[in-house]
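Numbers 75 to 302, taken from the numbering used here, label the letters of the sequence shown in order. Even for Gly, the Cβ is constructed at its ideal location relative to N, Cα and C. To start, the structure itself, in structure tokens.
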Amino acid sequence: MNQTEKLNFIPDSIAETPYQRAKQDFDDLIGNSRLQAYHWRLAFFCTVLVLCVTVLGMIYLSSQSKIIPYIVEVDSSGSVRLVGKAHHIAYEPKIQSIKYFLSLFINDIRSIPADPVLLKKNFLNAYHFVTTKGRNLLNEYARNYDPFTKQKNSVISVEISNVVKMSEKSYQVQWREQAFSKNGSMINDNQYTGIFTINFSTPKNETVLQKNPLGLFIDFFNISKNLN
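Dropping the structure here:
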């Protein structure tokens, strides 16, 4: 071997010392530990996020009250009998329930309380107990009766006196109306008669079920003042 060949000889790689191998193993260990720690942190935060969403969902659901109307009947002796959930049975109300229903409807649309807020509430409540045809009649009736104009000068009380079944779906109701001025003096005392036709329809959703659980709807009504 000549001198030139000796000078041009360069090793292909530097021999790895025990120190270098140990350092590389240590670096690999630290790197893996850091990677594992990152994955654990990521999993932890994902778990916390899911837990927070679950807790918030449970709080929201618990704040939403769910009302399930039940039908009960009271017999002549005062005993109460549970009929069942209103939306689980095809229930046809008895005559006592129908009379009570008609009495409430008449009070809602005929009585004039001193409080205009209560007057509005009562009148709007009546719309939960009419069919589409009945709603049109109620709209026309409201325009003619004009309860809010009457309320400015008078208060009217309603007293149901008689409810008679005329046919399978028609009822005649008689009642007394007393009108008083704002200072309490009586203005008039009149008798009225109304003819009401009702239909039965099972409530189709929770909103209707809460407002009208028996499914009683007025399809037609006509009110007239009795001649003294």
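Please report the Cβ distance between residue i and residue j, rounded to the nearest whole angstrom; I am assuming they are in contact, meaning their Cβ atoms lie under 8 Å.
i: K239; j: I180; result: Actually they are not in contact, since the Cβ atoms of K239 and I180 sit about 16 Å apart, beyond 8 Å.
i: V237; j: L176; result: 6 Å
i: L193; j: Q225; result: 6 Å
i: F274; j: G289; result: 5 Å
i: F254; j: S228; result: 6 Å
i: V209; j: Y219; result: Note that residue 209 corresponds to Arg in the displayed sequence, not to Val. Incorrect: roughly 15 Å between the Cβ atoms, too far for contact.
i: I329; j: S244; result: Outside the modelled stretch of the chain, which goes from 75 to 302, sits residue 329, for which no answer is possible.
i: I186; j: P221; result: 6 Å
i: Q246; j: D263; result: No, Q246 and D263 are not in contact; Cβ-Cβ is about 21 Å, not under 8 Å.
By how many angstroms is the C-alpha of residue j removed from the C-alpha of residue i?
i: I52; j: L198; result: The question about residue 52 has no answer here: the residues shown for the chain are numbered 75 through 302.
i: T271; j: I292; result: 6 Å
i: K207; j: P190; result: 27 Å
i: F294; j: T267; result: 14 Å
i: I56; j: I183; result: The structure shown has nothing for residue 56, since the chain only spans 75 to 302.
i: K303; j: T121; result: Residue 303 falls outside the range modelled here, since the chain spans only 75 to 302, and no answer is possible.
i: Q248; j: E280; result: 33 Å
i: V204; j: I133; result: 37 Å
i: K299; j: L212; result: 17 Å
i: Q265; j: K256; result: 21 Å
i: V282; j: L116; result: 48 Å
i: P287; j: P167; result: 11 Å
i: T276; j: G131; result: 32 Å
i: T128; j: A216; result: 50 Å
i: L123; j: Q284; result: 37 Å
i: N296; j: R250; result: 16 Å
Quick check on DSSP: helix, strand or coil for residue i?
i: Y271; result: With the sequence shown as reference, residue 271 is identified as Thr, and Tyr is not the correct amino acid for it. If DSSP states are grouped into helix, strand and coil, T271 belongs with the strands.
i: N181; result: helix
i: E214; result: helix
i: S259; result: coil
i: E251; result: strand
i: F100; result: Caution applies to F100, whose pLDDT of 48 falls short of 50 and renders its modelled position unreliable; the model cannot decide the point.
Could you tell me whether the Cβ of residue i comes closer than 8 Å to any Cβ of chain D?
i: K243; result: The chain inventory of the structure shown lacks chain D, comprising one protein chain alone.
What are the boundary residues of the beta strand (DSSP E) that includes residue i?
i: E233; result: S228 to K239
i: F291; result: L290 to K299
In the DSSP assignment, the alpha helix (DSSP H) including residue i goes from what residue to what residue?
i: V282; result: E280 to K285
i: V190; result: For the record, residue 190 in the displayed sequence is Pro; it is not Val. Note, P190: alpha helix (DSSP H), P190 to A200.
i: T223; result: P221 to Q225
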